[in-house]
Each structure stands twice: as C-alpha cells, then as structure tokens.
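In the UniProt record's numbering, the protein residues as written are 1 to 141.
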Ligand SMILES: O=C(CO)COP(=O)(O)O
C-alpha cells in the first residue's frame, strides 16, 4: 500500500535530504510524497519524483503537515532538522513533533534514523498503518 510520507529539511540539511531521497528513489516512488516548499522543490529538481509541496516552513509548511498528522493521515515523517541553527518558526517545529507523538507516527529527525525507517518501509514494516487507514472514519484509501 502506498504510504503518505512528509519530507522536510532545514537549509543546511537540504543537500543531505536530496542525496538521501535520490538514493532511495526506487522506494519513494511507490509512495505519496509531501514536503515543505523549498525542500519539495529541491527534491523534484533532482529526482523524477512527484512531491506535493506545502508552504515553506517559516511560512507555515510545518503546520500544514502537522494538520495531516493531527488527522492521522501522514504515515511517516522524515525531518532533517538543523540542531545548530535557531529557526524563527521553532514553535511550529515543536508542534509538529508533538503531534507525531500524540498520534504515534514514526518520525526521523536525523539521517541515521531516516535510513532505518526507509528500510523498514521497504520491508513492509508499515503494514500496520493500513489498519489505521481502514478503520479511520472518512478515510477513502
Ligand atoms: O523550515 C523548514 C522546516 O521547519 C523547511 O522549509 P523549506 O522546505 O521551505 O525550506
């Protein structure tokens, strides 16, 4: 089953994100991809993947992705954060991560965890999310 995956990277992590998504393009191409604005553009410029782009992070993109997490629609979040740079929208970032914990959504905030989760995704370890979608009122997929 196709999963909904959010890809987000802070500026100094964008190259790492592009390299990561390029390396796992054969896995990602089976899923529905979402991203904050600039991250999504960078990924689409470098791969053949189609990415639904939300607003840029500082303009509310994290919150838009958070809204999908709140309704339990997002299956996996890969968020390469910059731990060494203050972000103007830090409250939005914290809110997104909090909602992942509220719903129990797998979320990676660094490349090592990202690798492990994408390998798990490829192996079929996300099958339990199908049950979430199946029994969620209003969900059509
Ligand atoms: O700031 C971000 C996430 O907090 C990322 O936003 P962009 O992908 O638009 O740069």
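Here a beta-carbon is modelled for each residue, glycine too, at the ideal position from N, C-alpha and C.
Computed from a predicted structure; not experimentally measured.
Any idea which residues DSSP pairs residue i with across the strands?
i	result
residue 53	35
Could you tell me the distance, in whole angstroms, from the CA atom of residue i to the CA atom of residue j?
i	j	result
residue 97	residue 63	10 angstroms
residue 24	residue 118	8 angstroms
residue 61	residue 134	27 angstroms
residue 10	residue 100	18 angstroms
residue 54	residue 126	24 angstroms
residue 20	residue 129	23 angstroms
residue 88	residue 136	35 angstroms
Indicate, with yes or no, if ligand 1 has a heavy atom lying under 7 angstroms from the CB of residue i.
i	result
residue 91	no
residue 106	no
residue 52	no
residue 111	no
residue 46	no
residue 39	yes
Cβ of residue i within 8 angstroms of Cβ of residue j?
i	j	result
residue 79	residue 112	no
residue 4	residue 39	no
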